[in-house]
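See structure below.
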Amino acid sequence: FHARIGDSLRCIVGGAPRKLRIVGIHADFSDQFGTVSIPLKTLQRWLATDAVTSVVFTLKTGSDPVSFADKIQKDHPALMVYTNASLRSEVLRLFRQTFAVTHALELIGLAVAIGGLVLTVSTLLGERRHEWATLEVMGTPPSVLTRSAAWETGVLSLFSSLLGSCCGLALGRSEEHTS
1 FHARIGDSLR CIVGGAPRKL RIVGIHADFS DQFGTVSIPL KTLQRWLATD AVTSVVFTLK
61 TGSDPVSFAD KIQKDHPALM VYTNASLRSE VLRLFRQTFA VTHALELIGL AVAIGGLVLT
121 VSTLLGERRH EWATLEVMGT PPSVLTRSAA WETGVLSLFS SLLGSCCGLA LGRSEEHTS
């Protein structure tokens with residue numbers, strides 16, 4: 001965002017354009033778009049309501065955040081209360097879960113690709129069995145035919161892998177730019 005302390009930020013709040021002065025910047029990687037914190041009294045005046053959607057507490061050094069969160073949760077059971085540590089562990093759990101699904105899909109894709117390659121090679125070799133039988137009758141040694149089949153399979157596999165890798169890289173690049 002290239003914002004600095006003292007800069008102005010223009011935004012729409014409560015249906016009206018507002019101008020905010022940046023008084024502090026905090027690095028928080030939980031939101032890719034960033035967060036603007038507005039004093040509660042100002043926000044209530046702009047929105048003409050005193051409803052609150054979230055509250056952040058900053059505890060004094062040495063305070064126990066877990067016991068504080070437990071007390072808030074006990075006093076207000078309808079609220080969702082998180083400490084930084086519990087929120088971080090929940091986010092990391094969700095990331096691990098998401099990536100586990102991604103890795104499973106990668107393995108399924110790899111199995112499908114290998115299966116497709118095996119079927120393609122078997123079909124190609126099966127279609128050439130009459131040609132190979134003719135070559136064998138003409139005196140071509142079986143080792144030459146085996147080597148020929150191995151080379152064809154290797155070249156086809158290499159070409160397929162290169163083409164698949166190029167397509168995968170291109171798709172990855174296009175996904176990077178659209179996200």
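If you use this note's numbering, the sequence shown corresponds to residues 1 to 179, in order. Note that beta-carbon positions come from the ideal geometry of N, C-alpha and C, so glycine has one too.
Proximity of residue i and residue j at Cβ, strictly below 8 Å
{"i": "G6", "j": "I22", "result": "yes"}
{"i": "V91", "j": "W46", "result": "no"}
{"i": "L145", "j": "L156", "result": "no"}
{"i": "I38", "j": "L20", "result": "yes"}
{"i": "L117", "j": "S165", "result": "no"}
{"i": "P65", "j": "T83", "result": "yes"}
{"i": "R18", "j": "C11", "result": "yes"}
{"i": "A149", "j": "L125", "result": "yes"}
{"i": "V187", "j": "L9", "result": "Since the displayed the chain opens at 1 and closes at 179, residue 187 lies outside it and no answer follows."}
Buried or exposed (CB count within 10 angstroms, at least 16 for buried), residue i
{"i": "A69", "result": "buried"}
Residue i, enclosing beta strand (DSSP E) - first and last residue
{"i": "V13", "result": "8–13"}
{"i": "L87", "result": "Taken as a continuous stretch (DSSP letters only), L87 belongs to no beta strand (DSSP E), being part of the alpha helix (DSSP H) at 84–127."}
{"i": "P17", "result": "16–21"}
Cβ-Cβ separation, residue j to residue i (assumed contact under 8 Å), whole Å
{"i": "T153", "j": "V121", "result": "5 Å"}
Terminal residues of the alpha helix (DSSP H) in which residue i lies
{"i": "T42", "result": "40–47"}
{"i": "S37", "result": "Here S37 belongs to no alpha helix (DSSP H), and DSSP marks it neither H nor E."}
{"i": "A69", "result": "65–75"}
Every unbroken beta strand (DSSP E) within the stretch 123–179, with a cutoff of 3 residues, ordered by chain | Listed in chain order, the beta strand (DSSP E) runs fully inside the stretch 123–179 amount to none, counting runs of at least 3 residues.
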